[in-house]
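J.:
In structure tokens, the structure reads:
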């Protein structure tokens with residue numbers, strides 16, 4: 005696994021149009037991104053397609069990376085995840101081609117908040133385990149598999165509004181637990 | 006700090022989490038996104054949720070994609086496959102002759118329309134080649150004459166057989182562009198119906214009996230294929 009600095013450097017050079025750097029960036033990160041996409045899309049052929057789309061966005065939007073406040077790997081994974089979800093939902097909704105990359109806005113990040121959140125991230129598994137089993141599974145399903153409220157409501161056998169109430173409450177408890 | 010009451014309303018924090026999780030319906034999603042542009046505290050909370058949830062990424066196993074995925078990506082982004090640069094395959098002298106054709110075409114265009122600034126007409130070329138390079142032709146499209154100039158750089162027809170050139174547009178049936186002469190260079194007129202879709206045209210060469218295909222469609226093996234591309 006490449007270091008954060010190395011990935012950051014490769015993204016910066018990709019932003020300048022350095023194809024060799026982009027090729028190395030792909031070599032260092034594609035297996036992780038493909039794993040993320042496969043969790044959402046299951047099907048290998050669609051996942052390969054989405055992986056290419058994700059890297060095309062990473063190439064085109066590389067210059068925006070530095071402005072967003074998330075770690076370089078998180079930035080890339082967010083693009084991969086959102087691209088996979090776009091593919092998953094394409095039949096139902098129209099999506100902007102570059103939607104996934106635009107979802108992380110380039111606002112002035114709050115460094116303190118980012119650092120705190122990075123520390124908290126390590127606690128997420130333990131905190132999810134503190135929730136009732138179903139609730140934790142719903143949060144994981146939404147994040148790892150890109151499941152929607154309708155989808156979750158169906159598999160947990162509850163009305164959609166109940167699902168939303170559940171999940172929001174779970175997120176709130178998760179946040180409190182992680183901040184402890 | 007996370008979400009003190011003076012920082013950001015709890016409801017907004019949860020909205021940010023739902024946005025990151027892609028749980029908002031399209032209307033809510035668009036509304037939230039519009040707010041992100043003008044509310045830095047909300048954007049920071051969104052990024053914080055992105056980071057918080059990223060702790061789950063560690064649970065995802067790495068899976069190496071097939072090497073073809075990277076080749077395909079580079080083709081989609083940069084045009085030609087990195088491994089087989091066009092110039093190297095065609096060889097230097099052909100590259101020189103292609104460059105001179107390109108230059109001639111450019112100069113012809115310049116001299117014909119000197120006054121107004123001209124958007125350069127793309128030059129269309131194709132390398133029609135067998136997989137094992139046993140047959141290889143270079144095609145350059147001359148827009149002025151509406152003809153394809155073909156130079157054979159390798160291969161020939163089997164004894165008693167001929168090579169026939171076809172143009173294929175999308176899913177349409179191949180259209181014959183004629184039988185190729187034994188050697189050297191030739192030019193064929195591109196039918197008008199095919200000119201508009203030139204950039205997406207595929208050229209193919211099939212093995213046919215003397216005199217060409219008797220049916221109007223390829224009857225023998227397809228020996229070489231090339232995609233037309235704008236240079």
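Chains as they are written, first to last, in this note's numbering: chain A, 5 to 184; chain D, 6 to 236. Where is the CB? At the ideal position from N, CA and C, for every residue including glycine.
(1) By DSSP, does residue 34/D sit in helix, in strand, or in coil?
(2) Determine the burial state of residue 79/D: buried for a count of at least 16 other Cβ atoms within 10 Å of its Cβ, exposed for fewer.
(3) Using a beta-carbon distance below 8 Å, is residue 160/A in contact with chain D?
(4) Could you name the residues of the same chain whose beta carbon sits closer than 7 Å to that of residue 134/A, not counting the 5 residues immediately before and after it, in chain order?
(5) Grab me the residues of residue 59/A's own chain with a C-beta within less than 7 Å of its C-beta, minus the 5 sequence neighbours each way, in chain order.
(6) Please confirm if residue 111/A has its CB atom under 8 Å from at least one CB of chain D.
(7) Between residue 148/A and the rest of its own chain, which residues show a CB-CB distance below 7 Å, the 5 nearest in sequence each way excluded?
(8) Going by alpha carbons, who is nearest to residue 176/D out of 202/D, 195/D and 225/D?
(9) Counting along the chain, where does the beta strand (DSSP E) carrying residue 228/D start and finish?
(10) Below 8 Å on the Cβ atoms is my guess for residue 208/D versus residue 170/D; work out the distance and round it to an integer in Å.
(11) Which residues in the same chain have their Cβ closer than 8 Å to the Cβ of residue 163/D, if we skip the five residues on either side of it in sequence?
(12) Scan the segment 184–231 of chain D and note each continuous alpha helix (DSSP H) run of 4 residues or more that stays entirely inside, going in chain order.
(13) How many Å lie between residue 127/A and residue 77/A at the Cα?
(14) Report the start-end ranges of each alpha helix (DSSP H) in the segment 131–162 of chain A that is 4 residues or longer and not cut off at the edges.
(15) Grab the span of the beta strand (DSSP E) containing residue 167/D for me, first residue to last.
(16) Beta-carbon separation of residue 172/D and residue 206/D under 8 Å?
(17) Can you find a CB in chain D that lies within less than 8 Å of the CB of residue 164/A?
(18) For residue 129/A, go through chain D and note every residue whose CB falls closer than 9 Å to its CB, in chain order.
(19) Quick one, which residues of the segment 64–83 of chain A are near chain D if we go by CB-CB under 8 Å, in chain order?
(20) Return the CA-CA distance between residue 229/D and residue 218/D, expressed in angstroms with no decimal places.
(21) According to DSSP, which residues form a beta bridge with residue 133/D?
(22) Drop a sphere of 10 angstroms on the beta-carbon of residue 200/D, count the other beta-carbons inside from all chains shown, and report buried for 16 or more, exposed for fewer.
(23) Cβ atoms of residue 125/A and residue 57/D: under 8 Å apart, would you say?
(24) Note down the Cα distance separating residue 36/A from residue 65/D, rounded to an integer number of angstroms.
(25) From this set, 21/A, 129/A and 12/A, which residue's C-alpha is nearest residue 61/D's C-alpha?
(26) Residues of chain A with CB closer than 8 Å to the CB of residue 83/D, please, in chain order.
(27) Pick from 79/A, 65/A, 175/A and 174/A: whose alpha carbon is nearest that of residue 59/D?
(28) CB-CB under 7 Å to residue 62/A, same chain, minus the five flanking residues each way: which ones, in chain order?
(29) Can a CB atom of chain A be found closer than 8 Å to the CB of residue 153/D?
(30) Mind checking residue 214/D: buried by the 16 CB within 10 Å criterion, or exposed?
(31) Report the rounded CA-to-CA distance for residue 168/D versus residue 186/D, giving the unit in angstroms.
(32) Between which two residues does the beta strand (DSSP E) harbouring residue 68/A extend?
(33) Per DSSP, what kind of secondary structure is residue 175/A in: helix, strand or coil?
(34) Could you compute how far the alpha carbon of residue 12/D sits from the alpha carbon of residue 73/D?
(35) Identify each residue in the segment 136–147 of chain A for which the Cβ-Cβ distance to at least one residue of chain D is less than 9 Å, and report them in chain order.
(36) With 9 Å as the limit, tell me which residues of the segment 68–82 of chain D have their beta carbon closer than that to any beta carbon of chain A; keep them in chain order.
T.: According to the structure data:
(1) helix
(2) buried
(3) no
(4) 181
(5) 30
(6) At residue 111/A the pLDDT is 48, less than 50, meaning the model places this residue with poor confidence and gives no usable figure here.
(7) 43
(8) 202/D
(9) 227–232
(10) 7 Å
(11) 212
(12) 197–200
(13) 18 Å
(14) 137–149 and 153–160
(15) 166–174
(16) yes
(17) no
(18) 60, 61, 63 and 64
(19) 72, 73, 74, 75, 77, 78, 81 and 82
(20) 16 Å
(21) 142/D
(22) exposed
(23) yes
(24) 8 Å
(25) 129/A
(26) 23
(27) 79/A
(28) 80 and 83
(29) no
(30) exposed
(31) 8 Å
(32) First-last for residue 68/A: undefined, no H or E at that position.
(33) helix
(34) 48 Å
(35) 143, 144, 146 and 147
(36) 68, 69, 70, 71, 73, 74, 75, 77, 78, 79, 81 and 82
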